[in-house]
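Please read the structure below before turning to the comments.
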Amino acid sequence: MLEKGWNPRLPYDTLKKDLVDIHPTASSFKIMLDKARHHANRCMQDSFKYAKERWDKSHKPPDFKVGDLVLVSTLNFNNIKGPKKLKDSFAGPFMIKALHGPNAVQLELTGELMNKHPNFPVSLIKPYSSSDKELFPLRNKLHLKFPPWKKERRRK
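Just so we're aligned, residue 1 is where the sequence shown starts under the UniProt record's numbering, counting upward by one.
Structure, rendered in structure tokens:
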């Protein structure tokens, strides 16, 4: 009853405490049910507190600001060309245009993602860090070109 959020009317709810003619077993049954309900409520509150402490220990709030560069997860994008297993897991970098509360951002999308809705939850966003030219001198000089992707038609 308590875990499902449903509190049925039980016979002990209708018992009045100040009546003289309450049977002793009914009175003791009501006391036992009150103690059980109080204990269950206390256990649920302790459980909620423990779960919140565990969640807060491993999850820090996002610290994005307007103007930051971020990468967007391509997990839910189906309009990116090519086979799924060769698709990049993150696209970007994109600039944050606005913050919508602590858990959503609006991005300035460009390129192939321009037609997508610009609002994303922070769970699909990660900060962009540009590569260091001293550590990786050849990273910007390499320009790999791939042939255009053509989908083959299967004949039945």
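Each residue gets a CB set at the ideal place from its N, CA and C atoms; glycine is no exception.
- Cβ neighbours of Phe-64 within its own chain (closer than 8 Å, five residues either side excluded): Val-70, Ile-96, Leu-99, Val-105, Val-122, Ile-125, Pro-127.
- Around the beta-carbon of Val-66, fewer than 16 other beta-carbon atoms lie within 10 Å, marking it exposed.
- Shown here, Pro-137 sits in coil according to DSSP, grouped into three states, outside any helix or strand.
- Annotation: Gly-111 to Leu-135 spans about 29 Å, alpha carbon to alpha carbon.
- The beta carbon of Asp-88 sits closer than 7 Å to the beta carbons of Thr-74 from its chain, once the five residues preceding and following it are set aside; these are given in chain order.
- Look at Asn-119 here: in three-state DSSP terms it is strand.
- Its chain contains Gln-106, Leu-107, Leu-109 as the residues whose beta carbon lies nearer than 6 Å to that of Pro-118, once the 5 sequence neighbours on both sides are disregarded; these appear in chain order.
- The three-state secondary structure of Phe-90, taken from DSSP, is strand.
- Under the three-state reduction of DSSP output, Ser-131 falls in the coil class, being neither helix nor strand.
- Annotation for Gly-92: Val-70, Leu-71, Val-72, Tyr-128 place their beta carbon closer than 7 Å to its own, counting only its chain and skipping 5 residues before and after.
- Per DSSP, the beta bridge partners of Leu-69 are Met-95.
- Taking C-beta atoms as the reference points, Pro-61 and Pro-24 fail to come closer than 8 Å.
- Residue pairing of Gln-106 in beta bridges, as defined by DSSP: Ala-98, Asn-119.
- Lys-35 has its alpha-carbon roughly 59 Å from the corresponding atom of Leu-113.
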